[in-house]
Amino acid sequence: MSIPFIDLKAQYARVDDAVKKGIDGVLEHGAYVMGPEIKDLESRLSSFCAVRHAVGCASGTDALIMALMAFEVGPGDAVFTTPFTFMATAEAIALLGATPVFVDVDPVTFNIDPDDLKRKIADVKDNSDDLTAKGIIGVDLFGQPADYARIEPLAQNNGLFLIVDAAQSFGATHQGKPVCSLGDIACTSFFPAKPLGCYGDGGMVFAHNDELHKLLVSIRVHGMGEDKYENVRLGINGRLDSIQAAILLAKFKIFPDEIEKRQAAAERYHKLLAGIDGLTTPTVAEGNTSVWAQYSLLARDTEHRTELMGKLKAADIPAVIYYPNPLHLQKAFANLGHTAGDLPVCEGIAGRIFSLPMHPYLAASDQKTIASVLKG
Ligand SMILES: Cc1ncc(COP(=O)(O)O)c(C=O)c1O
C-alpha cells in the first residue's frame with residue numbers, strides 16, 4: 035500500500051459515527067444554512083482560541099475578503115504580505131482593488147521577514163504618491179506562526195491593521211497565545227487538507243473587537259443590517275453550511291489529540307532526517323508551536339530537489355512543492371511589474387523546497403521508509 039500524503043480516511047474511521055450523527059441532525063432540523071451548529075462551532079472555537087468573537091464563513095478566502103472589507107480596503111491602499119503563500123492571501127487584496135506589496139521572507143521559517151517589512155512600509159510611506167500604507171497580512175506558512183512579536187509593533191507604530199492568515203496554522207501558538215487570538219483579525223480555512231478540515235469548503239474569522247465583529251457578521255450576509263433584507267453596506271454571501279459546521283464539531287473533539295500526533299510525527303522526521311547531506315529539516319522558531327500543516331524540507335539546490343523527489347516517486351511516496359512560483363512572479367500579478375531577483379530569499383527557497391507526507395496518523399514505520407529512500 036502506498037503512503038498517503040494526507041490520510042483523511044484514517045481520520046474518518048475515528049470520527050465516522052459522530053460525523054454521521056451531526057449530518058443527520060442537520061437533515062432532521064432542516065436549517066441547512068446558518069443553523070444552530072454555526073453558533074455552537076463559533077463559540078467552541080473562540081474559546082479554544084481565547085478570542086472574544088468568531089464568525090463562521092464559506093472558506094479561508096472569504097475569511098480574508100471579509101476581514102479586508104471590514105477595514106474598508108480599496109483602490110490606493112497598500113497591504114503588505116508575503117509572496118510565499120497560497121494565491122488567496124494576495125488575491126483577496128487585489129480583488130478589492132488594493133495593491134499587495136510583497137515582502138521577502140525569513141530564510142529559516144519561510145514567513146514574512148520583519149526587517150524587510152519595515153523597509154517596505156517606510157518605502158510606501160516616504161516614496162509613494164499613489165499608495166497609502168493600510169495594513170499587513172501575516173501568513174503562518176506550513177502551520178508555524180509568523181514573527182508577530184516583531185510584526186505587531188510595526189503595525190501599531192505605523193497605524194496599520196494586522197490580519198493573521200492562519201489558514202494553515204489553526205491550533206498553533208506564538209509566545210503561548212493561540213494564533214487566532216493575534217492581530218486585529220485572524221482568518222482560518224477548513225479546507226479538507228487543513229489541520230482542522232471539513233468535508234468541503236469552510237472558514238472562520240476571529241476578532242476581539244466588538245465593532246469589528248458586528249461588521250464581519252454584516253459583511254458575511256450581503257452587508258445586512260437589522261435583518262437580511264436591510265442592507266447597510268456591501269457584503270458577500272460568505273456563510274458556512276450547517277452540515278460543514280456539524281462535521282467540524284465532530285472533528286474538533288479529536289483535534290487537540292491530532293495536534294499532538296502531528297507534533298510527534300514531526301519530531302520523528304527531525305530525528306530520522308537529521309544529518310542527510312544537503313538536506314535542511316524545518317525549524318520551529320523559539321516561542322512558536324507549529325501544527326505542521328506541511329513538513330517541508332530544503333534541498334541543496336533545484337537539481338538536488340529533483341533528484342530527491344525522483345527517488346521518492348520511484349518508491350511511490352508522494353511529495354509536493356509548496357510553492358514552486360512565488361506570487362510576485364505569477365502572471366496574475368504581472369501588473370505589479372516584478373522581475374526575478376526582486377525577492378531573492380523567497381525565490382531561492384521556492385527553488386529548493388518540497389514537502390513530505392504529513393498527517394496525525396503517519397506511521398513511524400512509513401517515516402522510516404521515507405527517510406531510507408531519501409538517504410539511499
Ligand atoms: C495561507 C492560505 N491562505 C488562504 C487560503 C484559502 O483558504 P480556502 O481554500 O479555504 O479558501 C489557504 C488555503 O489553501 C492558505 O493556505
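In our numbering, the protein residues as written are 35 to 410. We put the CB at the ideal spot given by N, CA and C, even for glycine. This one's a predicted model, so the numbers in the text were calculated from it and none came from an experiment.
Environment of residue i [buried if 16+ CB atoms lie within 10 Å]
i	result
S406	exposed
D50	exposed
H63	exposed
E294	exposed
D147	buried
T340	exposed
Q209	exposed
P117	buried
E292	buried
V173	buried
A126	buried
P358	exposed
Q178	buried
Y182	buried
G193	exposed
A189	buried
P229	buried
A180	buried
K285	buried
D160	exposed
Y66	exposed
N145	buried
E245	exposed
G217	buried
V60	buried
Unbroken alpha helix (DSSP H) run spanning residue i, endpoints
i	result
C380	378-384
L12	Since the displayed the chain opens at 35 and closes at 410, residue 12 lies outside it and no answer follows.
S406	398-409
K154	148-161
S276	276-286
E337	336-348
F289	289-307
H63	42-63
M68	Looking at the DSSP string, M68 is not in any alpha helix (DSSP H), and its letter there is neither H nor E.
A104	94-104
E264	Segment: none, E264 is in no alpha helix (DSSP H) and carries neither H nor E.
L175	L175 -> no alpha helix (DSSP H), and no H or E assigned at all.
L129	121-129
Beta-carbon contacts of residue i that lie in its chain and below 6 Å, excluding the five residues immediately before and after
i	result
A227	I40
A333	R339, L342, R386
S93	D235, G237
G321	Q209
A299	L396
A44	Y395
A241	H87, I219, H247
S324	G177, Q178, A206, V318
R184	P148
R267	G257
Residues bridged to residue i (per DSSP)
i	result
S80	Partner(s): none; S80 has no beta bridge.
Y329	L390
P134	V113
F240	A88, A220
F195	G169
P212	T207
T323	T207
T315	BP columns for T315 are empty, so no partner.
V139	I146
V354	S389
N271	V255
Nonlocal neighbours in the same chain, by C-beta distance under 8 Å from residue i, ignoring five residues either side
i	result
A132	L102, V107, G108, P109, G110, D111, A112, V113, K168
E381	P360, L363, A374, G375
L307	L313, T315, L331, A405, L408
Y46	V53
Contact set for residue i: own chain, Cβ-Cβ below 7 Å, skip 5 residues either direction
i	result
I72	G90, L274, S276, A279
S389	Q328, Y329, S330, A353, V354, Y356
D150	V137, D138
D96	G237, I270, G272
A122	G94, T95, L98
T222	G94, A97, A200, A201, F204, C214, G237, M238
K402	L306
L175	F118, T119, F144, N145, Q202
G309	none
Heavy atom of ligand 3 within 7 Å of residue i beta-carbon
i	result
L98	Ligand 3 is not part of this structure, which contains only ligand 1.
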